[in-house]
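**Q** Take any residue in the sequence shown, count from 1 to its spot, add 834: that is its number in the numbering used here.
The beta-carbon is built from N, C-alpha and C at its ideal position, and this holds for glycine as well.
Just so you know, these numbers come straight off a predicted model, no measurement behind them.
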Amino acid sequence: MTTVIIILLAVAIILFVVSFIKKGDSEQTESEFEEVASQLMHENYELKKRVSALEKAIHSTETGEAIEVITEETTEEKDEETSSTPSPKMQSLLKKQVITLYTSGIATDEIVEQSSLPKEEVEQIIEEYLEH
């Protein structure tokens, strides 16, 4: 009977130690999840701004005014995009996307449109891929 109690106590201690180890892994996963969620929320916000700019353009009666609104909004967004550098995870995902599109036989110009990266950066990613 005492051996059973000792064995159960040893198992409890082992499980207690394992629970602390697993807790550290879950915290790292949780922080990564929060980072991705934050990036997605930012992208969602940017898309909503673009949609509202397009809605303003549609509802506008003067075409000149509509073009000015769209141009102003897209200029502001480009300034924001150039000022904020994507995280290393986003850069890695964009590189993978470019390489996947390139290996699928899609032209560089189409890759630029789909990935919203500058043409020089797309060409640089492709060159790095071809070197390896």
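Indicate whether the contact test is met: 3 or more Cβ pairs, each with one atom in the segment 937-949 and one in the segment 876-888, closer than 8 Å.
**A** In short, these stretches do not touch, since the Cβ pair count stays below three.
**Q** Which value, in whole angstroms, describes the spacing of the CA atoms of Asn878 and Phe854?
**A** Distance between the alpha carbons of Asn878 and Phe854 is about 36 Å.
**Q** For the alpha helix (DSSP H) holding Ile940, just list the boundary residues, first then last.
**A** Looking at the DSSP string, Ile940 is not in any alpha helix (DSSP H), and its letter there is neither H nor E.
**Q** Label Leu951 either buried or exposed according to how many other C-beta atoms from any shown protein chain fall within 10 Å of its C-beta, with 16 as the threshold for buried.
**A** By the neighbour-count rule (16 or more Cβ atoms within 10 Å), Leu951 is buried.
**Q** From the DSSP output, in three-state form, read off Ser926 for me.
**A** Helix at Ser926.
**Q** Hey, Met924 and Gln862: beta-carbon distance below 9 Å or not?
**A** Cβ distance not < 9 Å, so Met924 and Gln862 don't count as in contact.
**Q** According to DSSP, is Ser921 helix, strand or coil?
**A** Here Ser921 sits in coil by DSSP.
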